[in-house]
Amino acid sequence: MTITEKTIQSQKNIGWHGKTLKQMRKEIDEISRETGHYAGLKTLPLKESYPIRYEKIFSKLRGGVVHARETAKRVAASPIVEQEGELCFTLYTPEGDSIVTSTGIIIHVGTMGAAIKYMIKNDYEENPGIEDGDIFCNNDCQIGNVHPCDVHTIVPIFYEGELIGWVGGVTHVIDVGATAPGSMTVGPVSRYDDGYQVACRKIGKNDTLLKDWLIESQRSVRTTKYWLLDERTRVAGCHMIRDLVLDIVKEEGVDTYKQFIREVIEDGRRGFVNQVKTLLIPGKYRQVSFVDVPYKNLDVPPYARVNTIMHAPTELTVHKDGKFQIDFEGVNRWGWHSYNATPVSITSGIWVMMSQTLIPNDRVNDGAYYASQFDLPDGSWLNPDDIRTAHSYAWHFLVSAWSPLWRALSRNYFARGYLEEVNAGNANTSNWLQGGGYNQFNENHAVNSFESAAEGVGASAVRDGINHAAAIWNPEGDMGDMEIWELAEPLLYLGRSIKPNTAGYGKYRGGSGYETLRMVYGAKDWTMFFMGNGFMSSDCGLMGGYPAASGYRFEAHGTNLKERIEKRLPIPTGGDSDPDNPEYDTLMEAKEIIRDKQSITTETIFENYDLYLNYLRGGPGFGDPLERKPKMIEDDLNEGLLLPRYAESVYGAVVSKNEKGKYIVDEKATEKRRKKMRKERLKRGVPVKEWMEQERQKILNKEAAVQVRHMYAGSFALSEKFANEFKQFWNLPTEWHLSEDELGVPTFGAKINHQKKTG
Amino acid sequence: MAQYDRKTIEELIDGTIDFYKLKEMLSNFKDTDRFDKYISILQERVPWDDPILLPAGLHLYIVLKPDGKRVVKCDCGHEFCEASDNWKLHALIHVRDTEEKMVELYPKLLAPDPEWQVIREYYCPNCASQLEVEAVTPWYPILKDFEPDIDAFYNEWLKRPIPQVK
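Taken in sequence, the protein lines are chains A and B. As numbered in the numbering used here, residues 104 to 862 make up the first sequence, in order. As numbered in the numbering used here, residues 284 to 449 make up the second sequence, in order.
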């Protein structure tokens, strides 16, 4: 290449100082790694010299992205976006590092950054080209996403021919044309069932969406109207933010803007380290969580019909220099279900969680990422080694895999006296009521009820968790208005109430979950399914508190509710408050009533007047329940949060009713009963080392259900370290071995096996 | 920088703190002297004199013994083991691994299925306080969940020597 050609080439490059974006990405990575400071910034000259100007630029950007979100969401028609706020906008550097983000589903701070980095890595500058006015789209999980229903719109920001950044907008769309209707379908077991996948595609030029894209995308999903308006929401927000950035550049000068975006990320990194040192303690903290995948009897391909358990052990190391490390060594293999995750979804999700605890401020950007390290074993459910994996409901386990991290952090907060920050964990954010068909307006339709955005919060060390309040993935949780859901879904509400006994018990209980009873009305060709944890609770309690209740399903088919309504006879309403003593069943006849723990199902036909119970989970508890104040138990009983028999068996309360029908807890009698219960504990408690000998014998005999053995075998295959530590803990002979091959279940896709390799 | 008086921290420990005060604590920058006030209140409340190095959970403390050993101790006075060991291995355990034991806690359909998950309750062998509850699969090794580097915490973060036995 001659000098002239080189000059022409560099003139074409859109990066700073004639560089390519790839060169810029490489330089940022190298200098950040070498110096330990983002972009090598050992000082922050702009912030230090002009602190007010610096803060003013930050406030304008932060205010602007939040404003864009609030304004743009009014464009959407989907209640998921418009009611629940399932959208987010983030501003990035030219290299794809996040600078500032809006509120909302902020997990996408990382995922859209990953998509931008993917485009840079794959030389999009050359082909298809990156130009002012372009619009890109991505929802491919293995490029940078959580699940395909989170659709990204990404717009480059140019100033005088140079790329000065990107803006990304994401919305959770209602359907992506997967094997079954609903945004987070249960049916998919591979990528090819997961729905429409858009892999960082240029979909617009000159600020206009291309016709072929509009036609193809709308023909690929069930809910075309929502799809179109969601896309316009994202484009509108991105363009608002692009205008804002250009205004700031005009006001402050492009060099100041460039300096600012570097400094604000380094500032975020420093802020995070400072928070770690303020709130935590150097050391190692270990915890684990699980979730059930009961697929043996599901209508899925034969190789996927396996009952298994997803396993998430974590070791959090807080280093002396404030570095924050999370190691997932021991996680088990990915599976033929739609609950696999990608590295970017697990790391970004952890930042969502951190923004609600360790870094509860508006400085959420990639700075924290540069101050931390994640170890995500290859071939596991959170870092699959196979492009075939499905991800449509990655959240099934993401939400549970993070829950133990609350406990790790909370043990630190507790030890330092910051009791107000303690949180026993988060709920498994289910059930997901999903399905579709022809709705009450005779339109091809899909539904995904976001009532799950309001689950019980974990207990703290000071007070109870908040009832039906939030979801880990969207800090602005909201259950939505029933009237809006009834417009969006051909499902009438026959009840919406707190569900007793769903909160984990404790000195402070978790927040209670709730339940809604829905009757199908006005639909045609309608199917629905259940999606949540059933056989397992996906968290522990903390420091003596219990985990939240697990899940179950209730559905009724072929009911006589039409006749009963016509005859003005009583019908089931309200909650299924005591599933041991069901009342719904006494108020109707039905061809089939299902009540069981199979809380994950594939499409089931629902006719009009069939019933579906949507039960949203509670949060875990804190501290010994025998220390709960009697007045608090009394309130739980009178507010319908607790069934009286458990006030006695769990809390040791002596309960009676007064003449007005209010529950009264007798403090003195309770104290006496609690003393007795403590004595019973000492009687039934076994020294741990004695119990371990019994458990060891069970392990030697391989006595456990197949799903339990399958989980361990999947972890042992991926991690010799985990296998060795397991054997060491239980003092097992070296020849003791457990492999997936010996379980009599299909082992499709099981490639990595470190145990086999070492013989 | 925020600062709270001793009474406020006592109310925090006792769970009697006013909601708006608690909200303020959550929203503010943290008070740097919290640890000292907190430890001093806890030390005053326990019926023994071993200096508390670090709280290790509700009712549990890592304390310094006269012989220099660091021990995990319950506020009732029971000493479990050295801090380098896992206190749970020296507790009493009750495992809910049958439906009968599960339904004492939850209605049947709201309880975990013991074929998939068991609930392990760890009690203090002396005062019978329930100190931890684990919901895990059968066979799961007992985790050592709290392993602080006390030396680094005092020497490098708090920048002061570790408390000594008086």
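Each residue gets a CB set at the ideal place from its N, CA and C atoms; glycine is no exception.
Exposed or buried, what is residue i when buried is set at 16 or more other beta-carbons lying within 10 Å of its beta-carbon?
i, result
"residue 371 (chain B)", "buried"
"residue 455 (chain A)", "buried"
"residue 773 (chain A)", "buried"
"residue 282 (chain A)", "buried"
"residue 289 (chain B)", "exposed"
"residue 543 (chain A)", "buried"
"residue 311 (chain A)", "exposed"
"residue 839 (chain A)", "exposed"
"residue 307 (chain A)", "buried"
"residue 642 (chain A)", "buried"
"residue 861 (chain A)", "Here residue 861 (chain A) scores only 46 on pLDDT, less than 50, and its place in the model should not be relied on; the value that follows carries that caveat. Exposed."
"residue 448 (chain B)", "exposed"
"residue 515 (chain A)", "buried"
"residue 417 (chain B)", "buried"
"residue 436 (chain A)", "buried"
"residue 847 (chain A)", "exposed"
"residue 796 (chain A)", "exposed"
"residue 264 (chain A)", "exposed"
"residue 378 (chain A)", "buried"
On the DSSP bridge assignment, give the partners of residue i in chain order.
i, result
"residue 790 (chain A)", "B:375"
"residue 717 (chain A)", "A:619"
"residue 338 (chain B)", "B:344"
"residue 697 (chain A)", "A:658"
"residue 303 (chain B)", "Answer by DSSP bridge pairing: none, since residue 303 (chain B) is not bridged."
"residue 407 (chain B)", "BP columns for residue 407 (chain B) are empty, so no partner."
"residue 390 (chain A)", "A:417"
"residue 478 (chain A)", "A:430"
Have a look at the options and flag the residue whose alpha-carbon is nearest the alpha-carbon of residue i.
i, options, result
"residue 704 (chain A)", "A:249, A:715, A:541 and A:853", "A:715"
"residue 141 (chain A)", "A:475, A:733 and A:688", "A:475"
"residue 381 (chain B)", "B:403, B:361 and B:367", "B:403"
"residue 118 (chain A)", "A:645, A:565, A:166 and A:197", "A:197"
"residue 347 (chain A)", "A:711, A:641, A:180 and A:161", "A:161"
"residue 467 (chain A)", "A:368, A:543, A:481 and A:477", "A:368"
"residue 352 (chain A)", "A:262, A:594, A:448 and A:583", "A:262"
"residue 363 (chain A)", "A:441, A:216, A:301 and A:155", "A:155"
"residue 680 (chain A)", "B:420, B:440, B:392 and B:406", "B:392"
"residue 831 (chain A)", "B:436, B:422 and B:440", "B:422"
"residue 121 (chain A)", "A:266, A:133 and A:178", "A:266"
"residue 492 (chain A)", "A:131, A:115 and A:852", "A:852"
"residue 115 (chain A)", "A:215, A:163 and A:234", "A:234"
"residue 397 (chain B)", "B:384, B:406, B:407 and B:368", "B:384"
"residue 662 (chain A)", "A:685, A:341 and A:696", "A:696"
"residue 426 (chain A)", "A:398, A:386, A:391 and A:278", "A:386"
"residue 258 (chain A)", "A:611, A:585 and A:341", "A:341"
"residue 615 (chain A)", "A:590, A:640, A:560 and A:630", "A:560"
"residue 713 (chain A)", "A:583, A:631 and A:339", "A:631"
"residue 400 (chain B)", "A:391, A:628 and A:677", "A:391"
"residue 620 (chain A)", "A:688, A:672, A:706 and A:718", "A:718"
"residue 652 (chain A)", "A:469, A:638 and A:399", "A:638"
"residue 570 (chain A)", "A:604, A:633 and A:463", "A:604"
Does the beta-carbon distance from residue i to residue j come in below 9 Å?
i, j, result
"residue 48 (chain A)", "residue 556 (chain A)", "Coverage of chain A is limited to positions 104 through 862, which leaves residue 48 (chain A) absent and any answer about it impossible."
"residue 438 (chain B)", "residue 444 (chain B)", "yes"
"residue 825 (chain A)", "residue 433 (chain A)", "yes"
"residue 292 (chain B)", "residue 324 (chain B)", "yes"
"residue 602 (chain A)", "residue 656 (chain A)", "no"
"residue 494 (chain A)", "residue 444 (chain A)", "yes"
"residue 868 (chain A)", "residue 636 (chain A)", "Chain A is shown only over 104 to 862; residue 868 (chain A) falls outside these bounds and no answer can be derived."
"residue 608 (chain A)", "residue 731 (chain A)", "yes"
"residue 166 (chain A)", "residue 191 (chain A)", "no"
"residue 236 (chain A)", "residue 215 (chain A)", "no"
"residue 670 (chain A)", "residue 647 (chain A)", "no"
Can we say the segment 729 to 747 of chain A touches the segment 416 to 432 of chain B, given the rule of at least three CB pairs closer than 8 Å? no
The segment 522 to 530 of chain A / the segment 711 to 729 of chain A touching (three or more Cβ pairs under 8 Å): yes
If we count Cβ pairs, one from each stretch, closer than 8 Å, do we get three or more for the segment 229 to 240 of chain A versus the segment 182 to 199 of chain A? no
When the Cβ atoms of the segment 325 to 333 of chain A are set against those of the segment 236 to 253 of chain A, are three or more pairs found closer than 8 Å? no
Any contact of the segment 287 to 303 of chain A with the segment 397 to 416 of chain A, i.e. 3+ C-beta pairs under 8 Å? yes
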